[in-house]
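Residue numbers (my numbering): 1447 to 2033.
Structure (C-alpha cells):
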C-alpha cells in the first residue's frame, strides 16, 4: 500500500496554522479564563490548527514534533465538549499513550485544565494495582488516559466499557507502534463505537500510521506542523564528542569529563532505573551534586528534584529517557549519554535539549568499545560527525584545576580590602622570602578550592575501524524468514532475527528470562516487547532475542534490569493471561 494511495483514502487536506488567541478558537470561556490563570498567553501552531477542527467533531491525523503543545491541542477541545451534560459512570473519552510516564503527564494536564468543570479523569497503566483502577472505574469517570496494554486488560475483564465513548485520542502513535502495540490498538478501537471521533497525534508519519488511520479514522483532516526554521544566529550550536572507554572505567571517565567541562547544569542519560539510582549515589559519593529521576518516582518526588535543579542546588540530573520527556531546563549546558542510545532518534532528541536560542551546548557520550557501531549509525542518520576524543589525562585535570585556582586568585587581586592583610604580609616577609609566601598562599587557595587528589590514569581505547559486512549475521536463516526448526522469527533488539538460541546462553551483560507461555497461548514477539517496554524503562532496542516455543518463551534483557523485568511480567498479562517469569535455568 503506497503513501499516495493511503493519502487519498484518508484525506489529503493539509491545514496550516496562523496566529490567534485562545478565545478565538471556539473554546468555552471558563477554559480560556483558566488558561490565563495558568500563564498560557497564546496557542502554539498545533493548538491553533487542531482545536477548532476537533471542536467540529471531525477525525484528525496530526503530525507535530514532541514539545509543541500536543496535549493541550486535544485536551482543551475534549474538555470543552464535556463541560456540560449528564455525568454517567462510564467514560465518554479515551486517550491512549505509549508509556505510564506520558499517561500520568497527560492525565495531570487534563485534570488541571478541566478543574473548573469537575471532570473526572483517571490514568490507568501497568505497574499500579489494577484493583484500585477497577474500583475507580466502578465509581465513575469521564476521561480515561491509558496505556494500550492496561486498557486492553481492563476491557477483557469487563471493567472498562467503551460503550459511551465519543472521542478516542492516540497520543504519540508512532511510539506506540514502535513498542509493539499495533494489534492492541486495533483491538481497542474495534470495541469503541463506530460513531465516534478519532484523533491521532504522531511526531512522524510512517506508512504503518497511515494504515491504522485508513482503517479506523473517518475522512480525517490531516494537520501537519512543520518544524520551526530558526534564523542563522539562533540555530543550535552543539559540540558532539564521544569517549571510548572500557565498562569498568566508565564512572571514572564520566567524573574526569565533568571535572574538565565543569557544566553549569548537565542531564546525564541512563538506560534503566537501577542504573540511575546507582550512578546518582556514586556521583554524590564523589562530591558532585546529583539528583536522580526515573519512572519509579511519584510526582511529588519529581517536583522536588526539579526544584533543586532549577534553584542551582543540584548540578547534575541523572535520568531515563522516559522520565526526562517534556523537561525544559533553561540553564542546561551539557547532555551526557552514559550509554549510547540504540535508536538514533533517541540520541537526536536527547541532544536537542541544549544549544537552543543560539546558545552553545555540548553533547558528550561515554561509549564502550562494543557500542562504536551505534555511534556510526547515529552519524549516518544525522549526517553529522561525532568527534572521538581521548579521555583527559590526570595531567590535563591538574592543569584545569590550577587554571581554576588562578582565576580565583586573579579575581581576589581586584578586591578593595587587600590592605587589611598588609600587616600580616609584613610580619611574614621578615621571616620568609616573598616568593615563598606567595607560593604558600597559592597552594592554600588551590587545596581549598580545587583540591589536589591523586588521579588514576584511565586506559585509552583506540577507536575501532569500520565494521565489516553483515556476513555471519544472516547465517542460519532459511528461505522464507523462518528458523531451521521451523519456528517463527523472533525479535532481537527491535529487529527481526532468527531464534533457536535456547542452550547457547545470553550475550555478555544480558540475562535470559523464562516466561510460562508461548505459541499455544498466541504469544508474539511484539506482545513480549510491548509488555516489558510499557512496564519498565527499557526500550524495544534493549529487548531480545526473543524465542517463542509452544508452551514457553525466553527473552534476553540487560542483566541489571532482570529483576525489574521479572516483577513487571509477573504482575501484568500477556494475551489476557497471567504468566510466571523467572531467570532461565538452561543458560
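Cβ atoms here follow ideal geometry from the backbone N, Cα and C, with glycine treated the same way.
Give the secondary structure of residue i by DSSP, where H, G and I count as helix, E and B as strand, and everything else as coil.
| i | result |
| --- | --- |
| residue 1944 | Because residue 1944 sits at a pLDDT of 33, beneath the cut-off of 50, its placement in the model cannot be relied upon, and the following sentence gives the value as read from the coordinates. Correct three-state label for residue 1944: coil. |
| residue 1789 | coil |
| residue 1549 | helix |
| residue 1484 | coil |
| residue 1686 | strand |
| residue 1984 | coil |
| residue 1800 | coil |
| residue 1807 | strand |
| residue 1949 | Because the pLDDT at residue 1949 is just 49, under 50, the model does not fix this residue reliably, and the value given afterwards should be weighed accordingly. The answer is coil: DSSP assigns residue 1949 none of H, G, I, E or B. |
| residue 1777 | coil |
| residue 1730 | helix |
| residue 1752 | helix |
| residue 1825 | helix |
| residue 1529 | coil |
| residue 1976 | helix |
| residue 1703 | helix |
| residue 1708 | coil |
| residue 1580 | helix |
| residue 1497 | helix |
My understanding is that residue i touches residue j, with C-beta atoms under 8 Å, so please give their C-beta distance in whole angstroms.
| i | j | result |
| --- | --- | --- |
| residue 1529 | residue 1483 | With 8 Å as the limit, residue 1529 and residue 1483 do not qualify as a contact, their Cβ atoms being about 17 Å apart. |
| residue 1856 | residue 1669 | Residue 1856 to residue 1669, Cβ: 56 Å. No contact. |
| residue 1985 | residue 1993 | At roughly 20 Å, the Cβ-Cβ gap does not stay under 8 Å, so residue 1985 and residue 1993 are not in contact. |
| residue 1507 | residue 1646 | 5 Å |
| residue 1518 | residue 1555 | 7 Å |
| residue 1741 | residue 1546 | 6 Å |
| residue 1593 | residue 1572 | 6 Å |
| residue 1617 | residue 1552 | 6 Å |
| residue 1781 | residue 1809 | 5 Å |
| residue 2011 | residue 1978 | 6 Å |
| residue 1837 | residue 1724 | Not a contact, Cβ separation roughly 21 Å. |
| residue 1687 | residue 1833 | 5 Å |
| residue 1716 | residue 1766 | 6 Å |
CA-CA distance, residue i and residue j?
| i | j | result |
| --- | --- | --- |
| residue 1968 | residue 2021 | 7 Å |
| residue 1981 | residue 1971 | 16 Å |
| residue 1751 | residue 1652 | 36 Å |
| residue 1671 | residue 1491 | 7 Å |
| residue 1643 | residue 1541 | 12 Å |
| residue 1743 | residue 1775 | 19 Å |
| residue 1590 | residue 1689 | 45 Å |
| residue 1845 | residue 1891 | 15 Å |
| residue 1685 | residue 1956 | 32 Å |
| residue 1683 | residue 1786 | 21 Å |
| residue 1884 | residue 1729 | 34 Å |
| residue 1520 | residue 1586 | 22 Å |
| residue 1733 | residue 1962 | 46 Å |
| residue 1558 | residue 1570 | 17 Å |
| residue 1562 | residue 1480 | 8 Å |
| residue 2068 | residue 1819 | What is shown of the chain runs 1447 to 2033, which leaves residue 2068 out entirely. |
| residue 1946 | residue 1815 | For residue 1946, the pLDDT reaches just 38, beneath the cut-off of 50, and the residue's location in the model is therefore unreliable, leaving the point undetermined. |
| residue 1826 | residue 1790 | 9 Å |
| residue 1658 | residue 1628 | 8 Å |
| residue 1706 | residue 1842 | 8 Å |
| residue 1718 | residue 1965 | 29 Å |
| residue 1543 | residue 1735 | 33 Å |
| residue 1695 | residue 1851 | 28 Å |
| residue 1665 | residue 2019 | 35 Å |
| residue 1821 | residue 1893 | 39 Å |
| residue 1887 | residue 1840 | 23 Å |
Across which residues does DSSP place residue i in a beta bridge pair?
| i | result |
| --- | --- |
| residue 1714 | 1764, 1782 |
| residue 2029 | 1959 |
| residue 2034 | Residue numbering for the chain in the displayed model covers 1447 to 2033; residue 2034 lies beyond these limits and cannot be assessed. |
| residue 1996 | Looking at the DSSP assignment, residue 1996 forms no beta bridge with any residue, so it has no partner. |
| residue 1738 | 1764 |
| residue 1850 | In the DSSP output, where bridge partners are listed per residue, residue 1850 has none listed. |
| residue 1813 | 1690 |
| residue 1838 | Paired residue(s): none; residue 1838 is not in a bridge. |
| residue 2002 | 1958 |
| residue 1569 | 1591 |
| residue 1990 | Paired residue(s): none; residue 1990 is not in a bridge. |
| residue 1671 | For residue 1671, which the question treats as bridged, DSSP gives no partner whatsoever. |
| residue 1508 | 1647, 1669 |
| residue 2024 | 2019 |
| residue 2040 | In the structure as shown, the chain begins at 1447 and stops at 2033. Residue 2040 is therefore absent and cannot be evaluated. |
Can you confirm whether residue i, when its beta carbon is compared against all beta carbons of chain C, has any partner nearer than 8 Å?
| i | result |
| --- | --- |
| residue 1849 | No chain C appears in this structure, which consists of one protein chain only. |
With a threshold of 7 Å, establish whether the CB of residue i neighbours any heavy atom of the ligand MG.
| i | result |
| --- | --- |
| residue 1594 | Of ligands this structure carries none, so the ligand MG is not represented either. |
(request) Pick out the complete beta strand (DSSP E) segments inside the segment 1616-1655, 3 residues or longer, and give them in chain order. (result) 1643-1648
(request) Write down every uninterrupted run of the beta strand (DSSP E) in the segment 1870-1897 whose length is 3 residues or greater and which is fully enclosed by it, in chain order. (result) none
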